[in-house]
């Protein structure tokens with residue numbers, strides 16, 4: 096989790112972390128960054144403490160990059176950019 100001024104900065108930080116993670120993998124090809132990052136606005140009124148959920152996922156798959164993203168993340172049924180109306 097990173098503090099950022101906006102979504103663009105948050106995604107940039109996530110991509111840098113992903114690149115570092117992959118480069119430290121040791122086994123070439125064992126980890127690959129697919130070029131897909133997501134950000135979520137937590138807000139200033141949320142205190143991060145024990146029990147607060149943060150999403151992370153690693154998965155093995157024989158699928159190619161685009162097929163993997165289409166299958167699991169970019170299904171076009173996501174509610175991206177949805178506001179709670181406040």
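Numbering (the numbering used here), first residue to last: 96 to 181. The beta carbon of each residue, even a glycine, is placed where N, CA and C say it ideally should be. Fair warning: this is a prediction, and the values are worked out from it, not measured in the lab.
As a quick exercise: from 141, 152, 99, pick the residue whose alpha carbon is nearest that of residue 127. 152
Which residue from 172, 166, 167, 109 puts its Cα closest to that of residue 135? 109
Grouping DSSP H, G and I as helix and E and B as strand, with all else coil, what is residue 112? helix
Just how far apart, CA to CA, sit residue 159 and residue 165? Taking the straight line joining both Cα atoms gives about 10 Å.
Applying the criterion that 16 or more other CB atoms from any shown protein chain within 10 Å of the CB defines a buried residue, is residue 111 buried or exposed? exposed
If you compare alpha carbons, which of 105, 133, 98, 155 is closest to residue 168? 133
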